[in-house]
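Student: Numbering (my numbering), first residue to last: 3 to 308.
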């Protein structure tokens, strides 16, 4: 005789039915809950504030503060080409393409001893000039440019370097960068020099994302007063050569790191970063054989004395 009763059998049947239906109910609940969870997640993500984009005004203020900090760091900033007059600066700047200022400074003493004036350089024997400037690289093309600009100075400007941008850029081998170097440092005419260092740093500092030097020059000119242009150029280039290097910036030894949105691209360990410092910042000679009197570093060695 079975111990089961009709009431118990009914309960067992009901339990079995509920157990069978449980997976379907669970699936239904999961399906119903999924959109709610997604909505909750989206709401939560939306509630988290993204980093606030820097306004143009804030960027300008930060850029000007960087300039002030660099002025304190490099009060002795200067053009790193040796020259005694506008002609020598013009020639040295043309030679500096695709080489270092140090190599140019080591080469120009012999060049200017042989050809001290535009008239002398225009009348040079090309092969002889090529041999003198060979250490700077691309010596054949540079010889052609130097002889061409010297002839133009002799024939069109009475042997004098013109002090206007529109005249300078007409000379063979002279572009806006070279013209601004000459104007700013030989004539006292403000100009922004956008070389590789300058372009690299202003992009790292998020002043602009432009790659074209002319566009970079225009953007930066709109951030700073004209009176700052020449010295700003020197300070930025100094920083690029000494601390904010192309391949491995010394972030951990950089005094303006708190103002840099690209901090961390380079070495952040202070001790390791200090070992990356160059020229006077690292206790080494600078690029000029004849640096200004207030330069705190050592003069560079002459060619062959390195």
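All residues carry an ideal CB built from backbone N, CA and C; glycine is no exception.
Counting Cβ pairs closer than 8 angstroms, one from the region 105-113 and one from the region 87-94, do we hit at least three?
Tutor: Yes, since at least three Cβ pairs between the region 105-113 and the region 87-94 fall closer than 8 angstroms, the two stretches touch.
Student: Going by DSSP, what residue range makes up the alpha helix (DSSP H) through residue 182?
Tutor: Looking at the DSSP string, the run of the alpha helix (DSSP H) that includes residue 182 is 178-188.
Student: Should the region 83-92 be called in touch with the region 264-281, which here means at least 3 C-beta pairs below 8 angstroms?
Tutor: These segments do not touch.
Student: Rounded C-beta distance between residue 204 and residue 218? I'm assuming under 8 angstroms.
Tutor: Contact holds; Cβ gap of about 6 angstroms.
Student: Residues in its own chain within less than 7 angstroms of residue 270 by CB, not counting five upstream and five downstream?
Tutor: The answer, listed in chain order, is 253 and 254.
Student: If you draw a straight line from the alpha carbon of residue 165 to that of residue 182, how long is it in whole angstroms?
Tutor: In a straight line, the C-alpha of residue 165 is about 10 angstroms away from that of residue 182.
Student: Under 8 angstroms by Cβ, that's how I've got residue 106 and residue 138 pegged, so tell me the actual separation to the nearest angstrom.
Tutor: Contact holds; Cβ gap of about 6 angstroms.
Student: Bridge partners of residue 287, per DSSP?
Tutor: Note: residue 287 sits in a beta bridge opposite 300.
Student: Does the structure place the region 57-66 close enough to the region 217-236 that three or more beta carbon pairs sit under 8 angstroms?
Tutor: The answer is yes - the region 57-66 touches the region 217-236, with three or more Cβ pairs under 8 angstroms.
Student: Compute the distance between the beta-carbons of residue 296 and residue 117, then report whether it is under 8 angstroms.
Tutor: Not a contact, by the Cβ cut-off of 8 angstroms.
Student: Report the CB separation of residue 155 from residue 175 in whole angstroms; it is logged as a contact under 8 angstroms.
Tutor: Rounded, the Cβ-Cβ distance is 12 angstroms, inconsistent with contact.
Student: Contact check, residue 215 vs residue 196 under 8 angstroms by CB: the rounded distance?
Tutor: Contact holds; Cβ gap of about 4 angstroms.
Student: From residue 1 to residue 54, what does the alpha carbon distance come to, in whole angstroms?
Tutor: Outside the shown range of the chain, which is 3 to 308, sits residue 1, and nothing can be said about it.
Student: Which residue from 237, 229 and 201 puts its Cα closest to that of residue 2?
Tutor: Outside the modelled stretch of the chain, which goes from 3 to 308, sits residue 2, for which no answer is possible.
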